[in-house]
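In my numbering, the protein residues as written are 22 to 598. Virtual Cβ for every residue (Gly too), placed ideally from N, Cα, C. Here the structure is a predicted model, which means the values were calculated and not measured. See structure below.
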């Protein structure tokens with residue numbers, strides 16, 4: 022027995038405590054595995070949701086710049102411009118309708134004169150019968166005074182009554198049309214102008230949003246690429262969990278191999294002491310290096326996840342700034358859709374009003390035609406009355422002085438007949454003006470303007486369908502953002518926070534390292550040989566990472582034992598496997 026062997030304690034006296042340290046390493050190894058699996062799951066879920074949100078918003082600029090939406094915007098700009106034109110046209114029509122009311126009302130005076138003269142004719146015809154009965158003998162024929170004048174007077178009365186009824190009907194129709202148009206004007210005062218202004222503002226907002234969307238595309242792409250880079254960095258950093266787990270397993274297997282070799286008493290006491298110092302010291306160095314790398318990589322992974330969460334928050338804030346917060350009232354598309362929807366309703370109301378104007382025009386023209394026929398009847402009565410008056414004059418001449426009274430009556434009838442025709446013609450002069458205005462209304466109601474109003478409504482409605490489709494895409498995108506955005510940030514934040522608790526695992530590893538160092542004190546700087554060298558060489562074959570091999574070679578050198586052929590392949594293994 023050498024002096025060295027005598028001076029050292031029994032080689033296997035502390036193997037139980039050494040083995041216990043190896044068993045104790047299983048706890049931090051399992052904690053690392055569990056923690057990193059959980060973090061990896063959160064990262065995978067968060068990255069998937071973030072990728073979905075990013076793709077949705079990357080597609081929106083193309084939607085906002087689509088040829089269909091640009092065409093719809095152009096059409097709606099035209100709708101707004103035409104709405105102003107229609108507003109001016111309605112103002113003109115309202116003024117013309119007011120003139121029509123005035124013209125029709127102006128005919129009331131000559132019509133009143135017409136009724137008065139016809140009434141006087143009736144009175145004179147009665148007087149003619151009375152006077153004729155008193156001055157004419159039984160053998161004399163004076164039917165012209167007793168019958169003919171009365172018939173013509175009755176015919177004139179009947180004709181003028183029909184004329185007056187038609188005029189009253191015309192007055193009612195025109196007055197009702199004016200009142201309805203006035204109500205429309207009161208309900209929609211400046212509506213078309215305000216509608217055009219609101220549509221212009223909404224289109225300008227949409228144009229600004231399109232411009233901002235295009236400008237933000239580059240930034241969105243940059244942040245998206247940065248996010249993908251962060252995800253890759255986070256995935257790489259998460260590999261530290263598997264790397265540390267493997268390194269701890271190798272330390273565990275090294276301690277187990279050392280303890281088993283010594284407990285089996287397959288080596289001398291000197292070799293056992295050397296083995297504990299060499300093999301145990303190697304595991305101390307490997308565990309220390311693993312703890313250092315673990316702390317560094319965990320900090321890096323935590324930073325990567327926090328940066329990723331910050332990028333996710335940034336791209337979501339940017340998306341909300343560009344496209345809104347999902348509130349329909351804040352969306353330029355939604356605002357424009359509301360304006361277009363309102364425009365369609367107003368234009369439809371305008372079309373209805375123009376239809377009413379056409380009805381009024383038709384009624385006025387029809388009534389004026391009826392009045393003209395009555396005037397023709399009055400003119401015919403006037404001609405007949407003149408013939409009767411001539412006959413009456415002849416009869417009065419035959420009576421001599423007795424016919425003087427009848428002659429006066431005949432003259433009065435001729436004068437009243439002339440006044441009747443003059444009053445009828447005066448009334449018709451104004452009514453002809455009313456007919457001219459009505460014809461203008463009818464032409465306008467049936468002309469290009471009417472068709473343009475209907476066409477504008479159709480264009481507004483068609484554009485609204487497209488706007489609603491794009492707005493739906495935007496709403497779905499914002500819905501995805503509002504639904505998944507907070508979840509992404511929470512997942513990534515929770516994953517980053519999880520790494521804050523991993524310092525305890527590193528402390529546990531360092532504590533076990535110190536205990537192992539105490540159980541395996543340094544013995545000699547002599548190069549291990551024999552069974553100890555074989556033990557170290559066998560352990561070296563378990564390494565899967567270059568860091569482990571470098572530590573081994575730093576302590577024992579590269580030529581302690583010939584490397585196996587498979588190590589050439591294992592040299593390619595690193596943190597990713």
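Can you tell me the Cβ-Cβ gap for residue 124 and residue 433, rounded? I've got them flagged as a contact below 8 angstroms. Approximately 33 angstroms separates the beta-carbon atoms of residue 124 and residue 433; this is outside 8 angstroms, ruling out the contact.
Give a yes or no on whether the C-beta atoms belonging to residue 459 and residue 121 are separated by under 9 angstroms. Residue 459 places its beta carbon less than 9 angstroms from that of residue 121.
If I measure Cβ to Cβ from residue 221 and keep anything under 6 angstroms in the same chain, skipping five residues before and after, which residues do I get? Same-chain partners within the cutoff: 101.
Would you grab the beta carbon distance between residue 70 and residue 505 for me? Rounded to a whole angstrom, and I think it's under 8 angstroms. Rounded, the Cβ-Cβ distance is 5 angstroms, consistent with contact.
For residue 573, does the count of other Cβ atoms within 10 angstroms reach 16, so buried, or fall short, so exposed? Residue 573 comes out buried.
Going by C-alpha to C-alpha distance, which of 223, 442 and 513 sits closest to residue 62? Ranked by Cα distance from residue 62, the options 223, 442 and 513 are led by 513.
Distance, residue 84 Cα to residue 51 Cα: Between residue 51 and residue 84, the alpha-carbon positions lie close to 50 angstroms from each other.
What are the boundary residues of the alpha helix (DSSP H) that residue 569 is part of? Note, residue 569: alpha helix (DSSP H), 567-577.
Give the secondary structure of residue 172 by DSSP, where H, G and I count as helix, E and B as strand, and everything else as coil. Residue 172: helix per DSSP, three-state reduction.
Taking 9 angstroms as the threshold (C-beta atoms), are residue 516 and residue 64 in contact? Yes, Cβ-Cβ distance for residue 64 and residue 516 is below 9 angstroms.
Can the beta-carbon of residue 217 be found less than 9 angstroms from the beta-carbon of residue 108? With contacts defined as CB atoms closer than 9 angstroms, residue 217 and residue 108 qualify as a contacting pair.
When we look at the beta-carbon of residue 375 and count the other beta-carbons within 10 Å, is it buried (16 or more) or exposed? With 16 or more other CB atoms across the displayed protein chains lying within 10 angstroms of its CB, residue 375 is buried.
Which residues in the same chain have their Cβ closer than 7 angstroms to the Cβ of residue 384, if we skip the five residues on either side of it in sequence? Around residue 384: 194.
Buried or exposed: where does residue 416 fall if 16 or more other Cβ atoms within 10 Å of its Cβ makes it buried? Residue 416 is buried by the Cβ-count criterion.
When we look at the beta-carbon of residue 38 and count the other beta-carbons within 10 Å, is it buried (16 or more) or exposed? With fewer than 16 Cβ atoms within 10 Å of its Cβ, residue 38 is classed as exposed.
Rounded separation between residue 532 and residue 540 - CA only: Going by the C-alpha atoms only, they are around 13 angstroms apart.
Report buried or exposed for residue 560, applying the criterion of at least 16 other Cβ atoms within 10 angstroms of its Cβ. Classification of residue 560: buried, given that the 10 Å Cβ count is 16 or more.
I need the DSSP call for residue 25, collapsed to helix, strand or coil. Residue confidence for residue 25 is low, a pLDDT of 32 falling below 50, so the modelled location carries little weight and cannot support an answer.
Provide the residue span of the alpha helix (DSSP H) that contains residue 120, from first to last. Start and end: 88-127.
Just the C-alpha distance for residue 349 and residue 482, rounded to the nearest angstrom, thanks. With a pLDDT of 48 at residue 349, under the threshold of 50, the modelled position of that residue is not reliable, and the figure given next carries that caveat. So the alpha carbons of these two residues sit roughly 19 angstroms apart.
Spell out a yes or no on whether the stretch 380-397 and the stretch 492-512 are touching, meaning 3 or more CB-CB pairs, one atom from each, closer than 8 angstroms. Counting Cβ pairs under 8 angstroms, fewer than three are found: no touch.
Please check the pair residue 81 and residue 495, which I expect to be a contact at CB under 8 angstroms, by giving their CB distance rounded to whole angstroms. The pair is a contact, with the Cβ atoms about 7 angstroms apart (cut-off 8 angstroms).
At least three beta-carbon pairs within less than 8 angstroms, the stretch 301-310 to the stretch 563-577: Because the criterion of three Cβ pairs below 8 angstroms is met, the stretch 301-310 and the stretch 563-577 touch.
Neighbourhood of residue 36 by C-beta, 7 angstroms cutoff - its chain only, sequence neighbours within 5 removed: Listed in chain order, the non-local C-beta contacts of residue 36 below 7 angstroms within the same chain comprise 280, 283 and 284, local neighbours out to five positions each way being set aside.
Let me make sure I understand the geometry here. Which of 152, 172 and 299 has the alpha-carbon closest to that of residue 555? Measuring from the Cα of residue 555, the nearest candidate turns out to be 299.
Nearest-angstrom Cα separation, counted from residue 452 out to residue 461: Between the alpha carbons of residue 461 and residue 452 lies a distance of about 14 angstroms.
Consider the Cβ of residue 485: report whether some Cβ of chain B lies at a distance smaller than 9 angstroms. Any reference to chain B falls outside this structure, which holds one protein chain only.
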